[in-house]
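First the structure, in the form of structure tokens, and then the observations on it.
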Amino acid sequence: MNVKYKYKTKPYEHQKECLGKSWDKNMFALFMEMGTGKSKVLIDNLAILYEKDRINFALIIAPKGVYRNWSEIEIPTHMPDRIKPNIIVWKSGLTDKEKHSLRGSLGKDLTILVMNIEAFSSIKGKKAGEWLSKVFGSKGLVVVDESTMIKNHKAKRTKALVSMSRNFRYRRIMTGSPVTNSPLDIFSQCEFLGDKVLGFDSYYPFQARYSVMTRQHMGSVSFNKVVGYKNMNELSSKLEPFSFRVLKKDCLDLPDKIYTSRYVTMTPQQKEMYEDIRKKAVLMLDDNLITAPMIATQLIRLQQILSGHIRTDDGELITFDTQRMSSLLEICNEVSGKAIIWSRFRYDIENITKNINKNFGSEVAVSFYGDTSDNQRQDNIRRFQNPQSPIRFFIGNPQTAGRGITLTEANTVVYYANDFNLDTRMQSEDRCHRIGLKNPVTYIDLICDKTIDTKIVKSLRGKINLSAKVLGEEVREWLNLTT
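Taking our numbering, I'd label the letters of the sequence shown as residues 81 to 563.
The following block contains the structure:
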């Protein structure tokens, strides 16, 4: 990189290589596997362009579960302290005060607006994007994090984002898996970067060039169906000048364990149910007759609500909508290689297995919990550990499957619902982090902010054994968090 720049956090070699290749490009794609630090590269890119007086505004667009990581974790961690960015987080719209703040900040500090990509499916979000691009685009950078969210060239939000991006001087896309279902996924992602980036005016000539199609007949209706792909080497060569691809297995200097979080928003129904049980648990703490199992039951119920189900005192299972599953499916869409998904609840394991097989193919997920027979358990382990097997996801209960088995084919671990016990957490982490480890492992905790999720994950990562503190002030602190 032929530019002087003082990092706040030390980069890995692949991050320096990517930044050197991309920092001054008007358009660029960061195709970096989850856990390789693409967010840091983007933030350092912003800082360099700002200090070179090429930009004074950045619009970061990310999925709901990701966009708050930018404002609360990534930017504060990696943005140099000498730069004082004005960070605005999109909620349901931009107030007149925020618009005034945006205008007033130009030419002063770097202004960064963080938006959730789902907002661009609405008229309000689309209009906001158009306004931002016209007012700030000439000296601005726009980036779509997890750009597979715009792989559908027909979707309204894809069209809105592609149109809006044209006014920005710098454009970036970021994802670990640019091709999730087919190589054709890449078209609209690249279209966001600019017109004719791949040499085509529209999607259909692109499809004809790189796919094999056959005419299908269904009654009186006929349509073209993609049955294969062609000219893939040509497509790769077209991507190479404006993209950087790296996998964890290629990064020799990465730490063995990488921790991150994915935030999940509660539905109004969940908030109401959570608050009701939280208040009851707080009252129970003031009762001299309270026992550890009684308060533990209330904590478990709070966790169940966050997962979208609860069991009544009569044993009846009640289920309700939650965004936790959609956040998990987004992660599954992003990861390369194999992944382990842990939950302490039987309902979660069965529901996760069903949804993953429904969305990614009937032979991609296996489960391992109390109801799994001994023979089936061993067969599921064997198939998951086979690199040639189509099984990509292992869904298990950490109490049942968290000890004594080897799952070193996985390079991603997702905690859907944590156990309170530190030993259980450490044992479950080490199912893939052991002798035979092939790649660094990324650990992702699903978190509903301002709930017991936050405290549990913080304590477990801080190696605090929660099971020994069930009746202490720690629990009172969890319960007094407001929703």
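Backbone N, C-alpha and C define an ideal beta-carbon position, used for all residues, glycine too.
Taken in chain order, the whole beta strand (DSSP E) runs of length 3 or more contained in the region 229–272 are 250–254. Residue 114: not part of any alpha helix (DSSP H); DSSP gives it neither H nor E. Bounds of any beta strand (DSSP E) do not take in residue 149; it lies within the alpha helix (DSSP H) bounded by 144–149. Of all alpha-carbon atoms in 97, 353 and 92, the one lying nearest the alpha-carbon of residue 83 is that of 97.
Of the candidates 147, 243 and 291, the residue whose Cα lies closest to the Cα of residue 266 is 291. For residue 415, the secondary structure class from DSSP, reduced to helix, strand or coil, is coil. Around the CB of residue 434, fewer than 16 other CB atoms lie within 10 Å, so the residue is classed as exposed. Your pair residue 163 and residue 190 checks out as a contact, with CB atoms roughly 6 Å apart and the cut at 8 Å. For residue 437, the enclosing alpha helix (DSSP H) has its first and last residue at 426–440. Membership of residue 196 in any alpha helix (DSSP H) is not indicated; the residue belongs instead to the beta strand (DSSP E) covering 191–196. Looking at the DSSP output, residue 305 shares a beta bridge with 294. DSSP places residue 490 in the uninterrupted beta strand (DSSP E) bounded by 490–497.
Residue 504 and residue 101 have their C-alpha atoms some 43 Å from each other. Residue 303 and residue 284 have their alpha carbons spaced roughly 14 Å apart. Counting other Cβ atoms within 10 Å of its Cβ, residue 400 stays below 16 and is therefore classed as exposed. Residues of the same chain with a CB within less than 8 Å of the CB of residue 426, apart from the 5 flanking positions on each side, are 449, 450, 451 and 477 in chain order. Secondary-structure assignment with DSSP links residue 109 through a beta bridge to 253 and 323.
Taken atom to atom, the span from the alpha-carbon of residue 454 to that of residue 460 is near 10 Å.
Linking residue 508 to residue 502 through their CA atoms gives a straight-line distance of about 10 Å.
When secondary structure is reduced to three states using DSSP, residue 216 falls in the helix class. Annotation for residue 107: 250, 251, 252, 273, 274, 277 and 322 place their beta carbon closer than 8 Å to its own, counting only its chain and skipping 5 residues before and after. Cβ-Cβ separation between residue 521 and residue 491: approximately 6 Å, consistent with a contact (criterion under 8 Å).
Assignment of residue 476 by DSSP, reduced to helix, strand and coil, places it in the strand class.
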